[in-house]
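K.L.:
Starting off with a structure, shown below.
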């Protein structure tokens, strides 16, 4: 496990007390993380289409479940490598925080979706549950794995949207992208087009996944810019 952590991250050490101060993530390593997360989604869709002959439109519950099976372990295992204060917080403790964040985030997101107009009923329970869990993987799980219960970091990322380093970018922009994508994806639902993809939560799922992917691309753009500024300041 130590070799894997070394592959993805480099620890910054405070020269005064020798403690780990920050955890620097290079653009190449951030790209690798986003690439693996993207491949997890692609693999889930490939398996759904080629092995189970299904998709989000024909069988949304089954497809969302498959996406969860592929994507949630990837996000948990990778983002736990970038936990804050790795000296005090072990890798497995970070995994545990992410696992706890998964259902907690799903409850918050599910309740929020219902308040905003998501359909309520026994026939929608499984659909809403799977979609809420997927949204939690995109939003709560990375933050829980990295920040734990640090309210100041959660507040800074999700309330003020003020990421300050590469790890913050990797969490902030994909999460906001998924939320914005889900919101945009909900727009066609009340329209009387009578298309099958307008049913809950099909278009919302497509929107959140698309927003998540766009958010990862935006994250890489900010990471590259941040890295360029960092090297420029060092050169001066």
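In our numbering, the protein residues as written are 1 to 236. Ideal Cβ placement from N, Cα and C applies to all residues, glycine included.
How would you write the range of the alpha helix (DSSP H) that residue 171 sits in, first residue to last?
P.N.:
Within the chain shown, the letter at position 171 stands for residue 171. Residues 166-185.
K.L.:
May I have a chain-ordered list of the alpha helix (DSSP H) segments no shorter than 4 residues that lie completely inside the stretch 11-83?
P.N.:
Those alpha helix (DSSP H) runs which fall completely within the stretch 11-83 and span 4+ residues are 27-50, 60-79.
K.L.:
Between residue 157 and residue 171, which are expected to be in contact by the criterion C-beta below 8 Å, what is the C-beta distance as a whole number of angstroms?
P.N.:
Counting from one through the chain shown, the residue named residue 157 turns up at place 157. Counting from one through the chain shown, the residue named residue 171 turns up at place 171. That pair is a contact at about 6 Å.
K.L.:
How many Å lie between residue 253 and residue 110 at the Cα?
P.N.:
As shown, the chain starts at 1 and ends at 236. That puts residue 253 outside it, with no answer to give.
K.L.:
Near residue 162, which residues of its chain fall below 7 Å by C-beta distance, leaving aside the five closest residues on each side in sequence?
P.N.:
Residue 162 sits at position 162 when you count from the first residue of the chain shown. Around residue 162: 156.
K.L.:
Thinking C-beta only, is residue 76 closer than 8 Å to residue 40?
P.N.:
Here residue 40 is taken as the residue at index 40 of the chain shown, counted from 1. Here residue 76 is taken as the residue at index 76 of the chain shown, counted from 1. Not a contact, by the Cβ cut-off of 8 Å.
K.L.:
For residue 138, which residues of its own chain have a beta-carbon under 7 Å away from its beta-carbon, when the five flanking residues on both sides are left out?
P.N.:
Translated into positions along the chain shown, residue 138 becomes position 138. So the qualifying residues of the chain are 174, 175, 178, 208, 212.
K.L.:
Would you identify the three-state DSSP class for residue 94, choosing helix, strand or coil?
P.N.:
Taking the chain shown and counting its residues from 1, one reaches residue 94 at position 94. In this structure, residue 94 counts as helix in the three-state DSSP scheme.
K.L.:
Could you name the residues of the same chain whose beta carbon sits closer than 7 Å to that of residue 204, not counting the 5 residues immediately before and after it, in chain order?
P.N.:
Against the chain shown, residue 204 aligns to sequence position 204. Contacts found: 131, 182, 185, 186.
K.L.:
How would you label residue 194, buried or exposed, when you count the other beta carbons within 10 angstroms and need 16 or more for buried?
P.N.:
Within the chain shown, numbered from 1, the residue matching residue 194 stands at position 194. The residue is exposed, with fewer than 16 neighbouring Cβ atoms inside 10 Å.
K.L.:
Does DSSP put residue 110 in a helix, in a strand, or in coil?
P.N.:
As a first step, residue 110 is located in the chain shown; it is residue number 110 there, counting from the start. DSSP places residue 110 in helix when its eight states are reduced to three.
K.L.:
Specify, as a first and last residue, the run of the alpha helix (DSSP H) that residue 126 falls within.
P.N.:
As a first step, residue 126 must be located in the chain shown, where it is residue number 126. Start and end: 122-147.
K.L.:
When you compare the CB positions of residue 146 and residue 82, do they come within less than 8 Å of one another, or not?
P.N.:
Residue numbering aside, residue 146 sits at position 146 when the chain shown is read from its first letter. Residue numbering aside, residue 82 sits at position 82 when the chain shown is read from its first letter. The answer is yes: Cβ separation under 8 Å.
K.L.:
Which of helix, strand or coil does DSSP assign to residue 189?
P.N.:
Along the chain shown, read from residue 1 onward, the residue named residue 189 stands at position 189. The answer is coil: DSSP assigns residue 189 none of H, G, I, E or B.
K.L.:
Use the C-beta contact count for residue 216: other C-beta atoms within 10 angstroms, 16 or more gives buried, fewer gives exposed.
P.N.:
Stepping through the chain shown from its first residue, residue 216 is reached at position 216. Classification of residue 216: buried, given that the 10 Å Cβ count is 16 or more.
K.L.:
Applying the 10 Å Cβ sphere with the 16-neighbour rule, what's the burial state of residue 37?
P.N.:
As a working note, residue 37 is residue 37 in the chain shown. Residue 37 should be labelled buried.
K.L.:
Just verifying my parser: in three-state terms, what is the DSSP assignment at residue 161?
P.N.:
The residue given as residue 161 occupies position 161 in the chain shown. Coil at residue 161, not helix or strand.
K.L.:
Can you tell me the Cα-Cα spacing of residue 60 and residue 120, whole angstroms?
P.N.:
By one-based count along the chain shown, residue 60 stands at place 60. By one-based count along the chain shown, residue 120 stands at place 120. Using only the alpha carbons, I get a separation of about 16 Å.
K.L.:
Could you tell me the alpha carbon to alpha carbon distance between residue 166 and residue 100, rounded to whole angstroms?
P.N.:
Residue mapping note: residue 166 aligns to position 166 of the chain shown, counting from 1. Residue mapping note: residue 100 aligns to position 100 of the chain shown, counting from 1. Spanning the two alpha carbons is a distance of roughly 24 Å.
K.L.:
Going by CA-CA distance only, name the one from 214, 199, 225, 226 that's closest to residue 57.
P.N.:
The count along the chain shown starts at 1 and reaches residue 57 at position 57. It is 199.
K.L.:
Would DSSP call residue 88 helix, strand or coil?
P.N.:
Counting from one through the chain shown, the residue named residue 88 turns up at place 88. The answer is coil: DSSP assigns residue 88 none of H, G, I, E or B.
K.L.:
Quick check: what's the CA-CA separation for residue 51 versus residue 68?
P.N.:
What you label residue 51 is simply residue 51 of the chain shown in a count that begins at 1. What you label residue 68 is simply residue 68 of the chain shown in a count that begins at 1. Approximately 16 Å, taken between the alpha carbons.
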